[in-house]
Amino acid sequence: MKILLSDAFDPSLPDLLRKYGEVTSNKDDAAEADVILVRSKTKCTKEYIDQAKKVRLIIRGGVGLDNIDVKYAQEKGIEVHNTADASSIAVAELAFAMMIAVPNRLVEADISMKEGKWLKKELKRTELFGKTLGVIGCGKIGTEVAKRAQAFGMNVIGYDPTVDVHDIITIKVTIDEVYRDADYLTLHTPLTEKTLGMINKETIAKMKNGVVIINTGRGKCVIEQDVVDALNSGKIAFYCNDVWYSDPPESTPFLKAKNTLLTPHIGASTNENLLRIGKAVDRIIGKFVGNYNQRII
Ligand code: NAD
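Be aware that the sequence shown starts at 154, since it is given in our numbering, and climbs by one per residue.
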C-alpha cells in the first residue's frame with residue numbers, strides 16, 4: 154500500500170505509518186497512492202481525484218472537508234475522513250488568546266514599546282471578568298472556549314440550532330439574543346448556506362456598541378467590508394481573525410483596517426495537535442486496512 158502525505162504533517166507521521174506500506178511526500182506520486190493525506194493546501198477537486206487513479210481512502214487532517222469534493226469521491230467508492238476531534242483544544246486556545254489580548258491591549262503595548270513610546274497612561278485595560286461571551290456554534294471548539302471563559306468569570310451565552318441545553322453555555326432560543334447581549338462574540342460554525350455571510354451589516358446592527366468579535370471558524374461566515382465599516386464607525390471595537398476567504402487571502406480590507414488582530418490560519422497549528430492528528434490518521438488507516446482485509450477474506 155502506498156500512502157501519500159500531500160501536505161505538512163508532524164515529522165513523526167511517516168515512521169508511524171510505515172507499518173502499512175510505503176510512505177511518500179512526493180506530490181507527483183498521487184496517481185500511484187492508495188491513501189492520500191491532506192490538510193488545507195491540497196484541493197481534492199474532481200480533476201485531482203480523477204488523476205489519483207488508485208486512491209481508496211482520503212483523510213483530511215483537520216476539522217471540516219471544505220477542500221475535498223466528498224460527493225464525487227464517494228461516487229467513485231473512495232472513503233473520506235477527517236480528524237474532527239483532534240483540533241478543538243488548539244483552536245479554542247487561539248480564540249481565547251485573542252480574546253485575552255484585546256482588553257489587555259497586548260498588541261498596541263508591544264508595538265508602542267518597540268517604537269520607543271511609553272504609553273503607561275494611555276493603555277487603559279479592561280477585564281474579561283463579568284463580561285458576556287456569546288458563542289455562535291456550541292460544538293466541540295465552542296465548548297472548549299466556553300470552559301476557558303467560565304474560568305475567567307465570564308457569563309457565557311450561545312446559539313446553536315442543534316443544541317437546546319448545554320452544561321456551561323446558556324443557550325438562547327434565537328441568535329439575535331446573543332447578538333444583543335454579547336460583549337465578546339466568538340464564531341465556531343462550519344461554512345454552510347446558513348452561516349455564509351452571517352456577520353454582515355444587518356446582523357452587526359443588532360449587536361452591542363463596542364462588541365469584540367473573534368473569528369476562528371470560517372472566513373466566509375463574515376462580510377469583511379461590513380466588519381471594516383463597523384470598525385471605522387466604532388460599532389465593533391475590535392475584530393480578531395484567523396480564517397480567510399482563501400489561504401492566503403488574495404485581497405482583504407482587514408490588512409489596512411484599524412483595531413484588528415490577524416493570524417494566518419494557525420488555529421490548528423500546535424505541535425500537540427499535529428501529534429493528535431497523526432494518531433487519529435493512524436487509527437483511521439488501521440480501521441480501513443482491517444475492513445479491507447476482512448472484505449478480501
Ligand atoms: P462541531 O461540529 O463540533 O461544532 C460546530 C457547531 O456549529 C455544531 O454544533 C453546529 O450545530 C453549529 N452550527 C451549524 N450551523 C450553525 C448556525 N447557523 N448557527 C449556529 N451554530 C451553527 O465543530 P468544531 O470542531 O467545534 O469546529 C467548528 C468550526 O471551527 C469548524 O467547522 C471549522 O469551520 C472551524 N475550524 C477552524 C480551525 C482553524 O484553524 N481556525 C480549525 C478547526 C476548525
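Where is the CB? At the ideal position from N, CA and C, for every residue including glycine.
Query                                                                                                                                                                           : Result
Consider the C-beta atom of Pro-417 and the heavy atoms of the ligand NAD; say whether any pair is separated by less than 7 Å.                                                  : no
Would you report the Cα separation of Lys-361 and Asn-426, rounded to the nearest angstrom?                                                                                     : 35 Å
Is the CB-CB distance between Ile-352 and Leu-247 below 8 Å?                                                                                                                    : no
Can Ile-352 be considered in contact with the ligand NAD, in the sense that its beta carbon sits closer than 7 Å to one or more heavy atoms?                                    : no
Would you please state the rounded distance, in angstroms, between the beta carbons of Ala-383 and Asn-412? I believe it to be under 8 Å.                                       : The Cβ separation is near 10 Å, so there is no contact.
Taking the DSSP output, what are the residues bridged to Leu-384?                                                                                                               : Its beta-bridge partners do not exist; DSSP assigns none.
Can you list, in chain order, the residues of its chain with a C-beta nearer than 7 Å to that of Val-316? Leave out the 5 residues immediately preceding and following it.      : Cys-291 and Ile-324
Is there contact here, the segment 155-163 with the segment 174-181, by at least three beta-carbon pairs under 8 Å?                                                             : yes
Who are Ile-264's beta bridge partners in DSSP?                                                                                                                                 : Ile-264 pairs with nothing; no bridge assigned.
So Arg-333 is in the alpha helix (DSSP H); what residue range does that whole segment cover?                                                                                    : 328-334
Leaving aside the five residues before and after Ala-183 along the sequence, list all residues of the same chain whose C-beta is less than 8 Å from its C-beta, in chain order. : Leu-157, Ser-159, Ile-189, Tyr-201, Gln-204, Ala-205 and Val-208
Examine the ligand NAD and report whether any of its heavy atoms sits within less than 7 Å of the Cβ of Leu-344.                                                                : yes
So, using beta-carbon positions, are Glu-216 and Ser-240 closer together than 8 Å?                                                                                              : Note that residue 216 is Val in the sequence shown, not Glu. A contact, by the Cβ cut-off of 8 Å.
Quick one, which of Thr-416, Ile-289 and Thr-296 has its alpha-carbon nearest Pro-314's?                                                                                        : Ile-289
Run the proximity test for Ser-240: is its beta-carbon closer than 7 Å to any non-hydrogen atom belonging to the ligand NAD?                                                    : yes
So does His-341 have its beta carbon nearer than 7 Å to some heavy atom of the ligand NAD?                                                                                      : yes
Spatial neighbours of Gly-439 within its chain, please: CB distance less than 7 Å, with the 5 preceding and 5 following residues excluded, ordered by chain position.           : none
Could you compute how far the alpha carbon of His-319 sits from the alpha carbon of Ala-186?                                                                                    : 43 Å
Ignoring anything shorter than 3 residues or poking outside the segment 314-373, list the beta strand (DSSP E) runs there in chain order.                                       : 337-340 and 364-368
Can the beta-carbon of Leu-259 be found less than 8 Å from the beta-carbon of Ser-265?                                                                                          : no
Smallest Cα separation from Tyr-332: which of Pro-343, Lys-359, Lys-194 and Ile-310?                                                                                            : Lys-359
Just to confirm, does Cys-291 get its C-beta within under 7 Å of one of the non-hydrogen atoms of the ligand NAD?                                                               : yes
Give the straight-line distance between the Cα atoms of Arg-213 and Phe-249, rounded to the nearest whole angstrom.                                                             : 25 Å
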